[in-house]
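To keep things clear, I will list the structure first and then write my remarks on it.
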Amino acid sequence: MSSQSYDAACLPDLLPLYYRRLFPFSQYYRWLNYGGVQKNYFQNREFSFTLKDDIYVRYQSFSTQTELEKEMQKMNPYKIDIGAIYSHRPSQHNTVKSGTFQALEKELVFDIDMTDYDDVRSCCSAADICCKCWTLMTVAIRILDRALRGDFGFQQLLWVYSGRRGVHCWVCDEGARKLPSAARSAVAEYLSLVKGGDETLKKVVLTDPIHPFIRESLVLVEQYFPRYALLEQDILGRKESVDKVLSLMPEDVRKQLQQDFQNEKKPETRWKLVKDQAVRKQATSKKGHHFEKEIMLQYCYPRLDVNVSKGVNHLLKSPFSVHPKTGRISVPMDLNELETFDPFAVPTISQICEELDRPRSGEEDGKSEDAKEKENEKEAAERRKIRDYKRTSLGKYVKYFDQFLDEMAQSWKGELLKKSDLQKDF
Amino acid sequence: MEFSSRRRRFLTNPQTELYGHPLQFYGQPPLENIALAEFEAFAVDRLKLLKTVENVGVSYLKASEQYSEKLRSESKALNFPHRPGGDDRKPQAGLSENDKRRKDHISHFILRLAYCQTEDLRRWFIQQEVDLFRYRFNALDSEQKLEVLHRNNLQYDTINVEEKIVLKDELVNSSYTVSGITVEHQDFYKVPFQDALDLVRARKVYLKAGYVYIPHKDIVTIVLNDFRTRLSKSLALTARSLPAVHSDERLQPLLNHLSHAYVGQDYSIQKNVGKIALDQIDALSGKSFPLCMRQLHQSLRENHHLRHGGRMQYGLFLKGIGLSLEQALQFWRSEFIRGKVDADKFDKAYAYSVRHMFGKEGKRTDYTPYSCMKVILSNPPSQGDHHGCPFRHSDPELLKQKLQSYKVSASGIGQILELVKGMHFQLACQKYFELTHNIEDANFSLNHPNQYFIESQKASGGGREMKREADTAQRSQENSATGGSAAPREPEADGPQGVGEMTEDLDSYFQDA
Chain A
28 MSSQSYDAAC LPDLLPLYYR RLFPFSQYYR WLNYGGVQKN YFQNREFSFT LKDDIYVRYQ
88 SFSTQTELEK EMQKMNPYKI DIGAIYSHRP SQHNTVKSGT FQALEKELVF DIDMTDYDDV
148 RSCCSAADIC CKCWTLMTVA IRILDRALRG DFGFQQLLWV YSGRRGVHCW VCDEGARKLP
208 SAARSAVAEY LSLVKGGDET LKKVVLTDPI HPFIRESLVL VEQYFPRYAL LEQDILGRKE
268 SVDKVLSLMP EDVRKQLQQD FQNEKKPETR WKLVKDQAVR KQATSKKGHH FEKEIMLQYC
328 YPRLDVNVSK GVNHLLKSPF SVHPKTGRIS VPMDLNELET FDPFAVPTIS QICEELDRPR
388 SGEEDGKSED AKEKENEKEA AERRKIRDYK RTSLGKYVKY FDQFLDEMAQ SWKGELLKKS
448 DLQKDF
Chain W
18 MEFSSRRRRF LTNPQTELYG HPLQFYGQPP LENIALAEFE AFAVDRLKLL KTVENVGVSY
78 LKASEQYSEK LRSESKALNF PHRPGGDDRK PQAGLSENDK RRKDHISHFI LRLAYCQTED
138 LRRWFIQQEV DLFRYRFNAL DSEQKLEVLH RNNLQYDTIN VEEKIVLKDE LVNSSYTVSG
198 ITVEHQDFYK VPFQDALDLV RARKVYLKAG YVYIPHKDIV TIVLNDFRTR LSKSLALTAR
258 SLPAVHSDER LQPLLNHLSH AYVGQDYSIQ KNVGKIALDQ IDALSGKSFP LCMRQLHQSL
318 RENHHLRHGG RMQYGLFLKG IGLSLEQALQ FWRSEFIRGK VDADKFDKAY AYSVRHMFGK
378 EGKRTDYTPY SCMKVILSNP PSQGDHHGCP FRHSDPELLK QKLQSYKVSA SGIGQILELV
438 KGMHFQLACQ KYFELTHNIE DANFSLNHPN QYFIESQKAS GGGREMKREA DTAQRSQENS
498 ATGGSAAPRE PEADGPQGVG EMTEDLDSYF QDA
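The listed protein sequences derive, respectively, from chains A and W.
Counting in our numbering, the first sequence tops out at residue 453, every number present.
Counting in our numbering, the second sequence tops out at residue 530, every number present.
If you want it as structure tokens, here you go:
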């Protein structure tokens, strides 16, 4: 793999190449058009671009895939955000009578950002991430994916790496897209367990009965907690963090453990002592004590920003957008490979541009249609364009995106059939 | 298209049928002729009732004894239905049950006209009507509740016995109120989660594959959501027919008064622009800022940064105390560039936001400083945030430490913590005011951070101007409600009055600064 390091100053040269030969426009359009089931769905979608020199333009909209391509190749945006589907074409919103231009639909989205975990990770802070704290994202994805599917019944989820320090989830089910703001915030709050700002010490409080959702989430957290918290973050090793953990327990337990910890230094054993205390406390006390669960959740449970999820018109970074600071592409994540996902292995724009010039062996899908197709200039250019990303590290992500779209297409087919049945075209 | 045959029947039957049920859904507007005097009187009375609903909602827990008792006595005093068992016997004095229900019906629709016009008004009106409806629904017996469900076509499937057995543990563990016995003996309804958002939001119910499983006894939430949705839609429709209503000269002044009252004193009219100098802010923050703003100011000075929630809450407050746009820009800029933000970045990213607060960008709304209610109830702070109400959002231990560091006496802190425990956050802040200003009784009802500032300046001898401003603030604060304040004091009960007196009274009742 190329080790071309990324330099933001090169963006003005790299972006045109990216948008001309690598950005997967046809898949992108296929996604946002949603099978053409609803009229003007793509045309009424808002995009926003951040251009060179931090110029920000909103209310961009396009009539066709070709128009989208042309405009993006002309403007070479540094960042692309996707907004809502409005009642009218966003680019014409100024001509619409005030009050009637409304955001109607949008995917239900979630944004998990590593900075929200700064109080529980010691390896990094702010915009930095490393493979140790990345586990938090893995846990977040596991828990939220299970809940969105199992509890809420959503099926078309697209998880995307943001390019720097977090992940996004796009819930694309039709029902999700139509949710009003109150429903979105209700979903986000159902999924929220960690509450409170800097002023709050104990951010997770559980009461009886323990809701099945919390129970299921704990099962997942427990799979990662020993390695992530006890080993890698060493929360029961270093004194300051031990104190922090102890402060989350009832006073009598804390005093007892402070004593016990004098003689026991191994984190795993210390945690066992904590769990023993929890069992003991639960047995002897009338009301429920769940501090060991609360600790695990405070350190590992996903922290999401409700404000991102609740607005129908909220703009969120687009998949396949470039992150200007890191150069990494916002790629869709295949959950089958979640455990081995490495954010530092995600291709950067400089990397894939460089790969364009070097053919990769064995990456070409030997499509026999080559021989069958007519060899005219335009088609050849098209094919070359379609195959370009396949020659680069971007290829596998686009392929996964294709699979995602194929699954969704099943439901569009159903919808179109239903519609034509209603209109009685057989 | 679905027809609600029962509602149709109401239209064609005599009036007694129309008001046959103690709880109304306000599906159809009144069709009779109403005297103008009655029109005004009904509207004002309902407004008072809704204001009470708002006040008790902040001061007491919604299901508590005091809450119900206060609402019941207020409903009775204002001649609204107050007992579900009320029958139609002619009482010794006052209105018959039927008349009360009629008043309830008519007054609701009049207030729709006044409150459909803006997003804020709609939101306030819906919130109070839903709370009122919830209170009334809970007062019904189970048979009456069933009737309400059926009259409103809430057809949800129940789950069969096999499914109940399979789900029993989950159902019991999902809700504090569901026991094994509940599962055995009650019907459980499978409801799409979109119809039960309150239960989902609070995770009080079992949710699987997009459906919540609700025992019959908890069905009130469903009914409430249905009521809220319908009311919201109706208000939108009403707004469209408003021009026709406004053309009637008799109605226009009244409707304006009714909704205008809720704009009230919102501290957006800057009386003292430029009277505060930037170098006074540090001192003022210790002396005259409520705790929330003092905390925000301190965080800003310490971290040279505030997140969006904090910038909004604090920035708008500063605007309210009289900072001009230029001063505000200078203030934020000088602080931010001490941190990680360079001047250039500030001008690009944050200056826009400051100008936006002053109504100079975007849709040019001159945003109003947040009231206590807004700070307490919306946008709770999370990791990295410093906004919100410290009495509401801070750990009691941390709050105690903070108050100690501000040299509040131990007994004073004790009193404050008691109030916090009882969820009386604004009273706690008032106590903080009393302790830090060394006075026995604050003599005002706190419901806005800017009000705190003005009262503080007044108490420290800020001069007659401050006093005048505080007094008008006080009066209209009693009357305002939207996204605004909750004056815990009771509205005065009105005796019978003539129309002329009524309108005069209205004027003074709804006067704003």
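C-beta: ideal position from N, C-alpha, C; glycine also.
For clarity, every value in this text was computed on a predicted model and none was experimentally measured.
Minimum Cα-Cα distance from residue 225/A among the listed residues 461/W, 407/W and 466/W corresponds to 407/W. The C-beta distance from residue 274/A to residue 149/A rounds to 16 angstroms, too long to fall under 8 angstroms, and the pair is not in contact.
Residue 82/A counts as exposed, since fewer than 16 other beta carbons sit within 10 angstroms of its beta carbon. Taking a C-beta cut-off of 7 angstroms against chain A, the contacting residues of the segment 358-378 of chain W are 365, listed in chain order.
Per DSSP, residue 448/W is one residue of the alpha helix (DSSP H) stretching across 442-454.
Going by DSSP, residue 257/W is part of the alpha helix (DSSP H) stretching over 237-257.
Residue environment: residue 167/W is assigned as exposed (fewer than 16 neighbouring CB atoms within 10 Å of its CB, all protein chains considered). Within chain A, 224 have C-beta atoms less than 7 angstroms from the C-beta of residue 398/W, given in sequence order. A straight line joining the alpha-carbon of residue 131/W with that of residue 61/W spans about 11 angstroms. Below the 8 angstroms Cβ cutoff, chain A contributes 177, 178, 179 and 180 as neighbours of residue 226/W, in chain order. As the crow flies, the alpha-carbon of residue 377/W is around 49 angstroms from that of residue 239/A. By the criterion of a C-beta distance shorter than 8 angstroms, residue 172/A is surrounded in its chain by 184, 186, 196 and 362, once the five residues flanking it on both sides are discounted.
Looking from the CA of residue 76/A, the closest CA among 340/A, 345/A, 336/A and 64/A belongs to 345/A. For residue 371/A, the number of other beta carbons within 10 angstroms of its own is below 16, and it is reported as exposed.
Counting only runs that start and end inside the segment 174-235 of chain W, the beta strand (DSSP E) elements of at least 3 residues fall at 205-209, 223-225 and 228-232. Per the C-alpha coordinates, the member of 344/W, 328/W, 310/W and 452/W positioned closest to residue 366/W is 328/W.
One thing to note: residue 188/A has its Cβ within 8 angstroms of the Cβ of residue 360/A. Interface criterion not met: the Cβ of residue 167/A is under 8 angstroms from no Cβ in chain W.
Look at the segment 388-415 of chain W: the residues with a C-beta under 9 angstroms from a C-beta of chain A are 396, 397, 398, 399, 400, 401, 402, 403, 404, 405, 407, 410, 411, 412, 414 and 415. Residue state for residue 461/W is assigned as coil, using DSSP reduced to three classes. Boundaries of the alpha helix (DSSP H) around residue 436/W: 427-438. Within the segment 206-227 of chain W, contact with chain A at the beta-carbon level (separation under 7 angstroms) is assigned to 210, 211, 214, 217, 218, 220, 223, 224, 225, 226 and 227. For residue 75/A, the secondary structure class from DSSP, reduced to helix, strand or coil, is strand. The C-beta of residue 464/W has 16 or more other C-beta atoms within 10 Å across all chains shown, which makes the residue buried. Annotated three-state conformation of residue 375/A is strand, per DSSP.
Residue 138/A: not part of any alpha helix (DSSP H); member of the beta strand (DSSP E) spanning 135-140, first to last residue. Shown here for residue 228/A: same chain residues with a beta carbon closer than 8 angstroms to its own, the five before and five after excluded, namely 274 and 275 in chain order.
Across the structure, residue 265/A and residue 191/A are spaced so that their CA atoms are roughly 28 angstroms apart. By the C-beta criterion, the segment 401-418 of chain W is judged to be in contact with the segment 305-319 of chain W, since at least 3 inter-stretch pairs fall below 8 angstroms.
Interface flag for residue 238/A against chain W is set, since a Cβ pair is found closer than 8 angstroms. Neighbours of residue 81/A in chain W, taken as residues whose beta carbon is under 7 angstroms from its own, are 365 in chain order.
Beta-bridge partners of residue 349/A (DSSP): 356/A.
Annotation for residue 421/W: the continuous alpha helix (DSSP H) segment containing it runs 413-422. Counting only runs of at least 4 residues, the segment 338-403 of chain W fully encloses the following alpha helix (DSSP H) elements, listed from N- to C-terminal order: 342-353, 368-374 and 389-394. Under the DSSP definition of a beta bridge, residue 184/A partners with 198/A.
The three-state secondary structure of residue 424/A, taken from DSSP, is helix.
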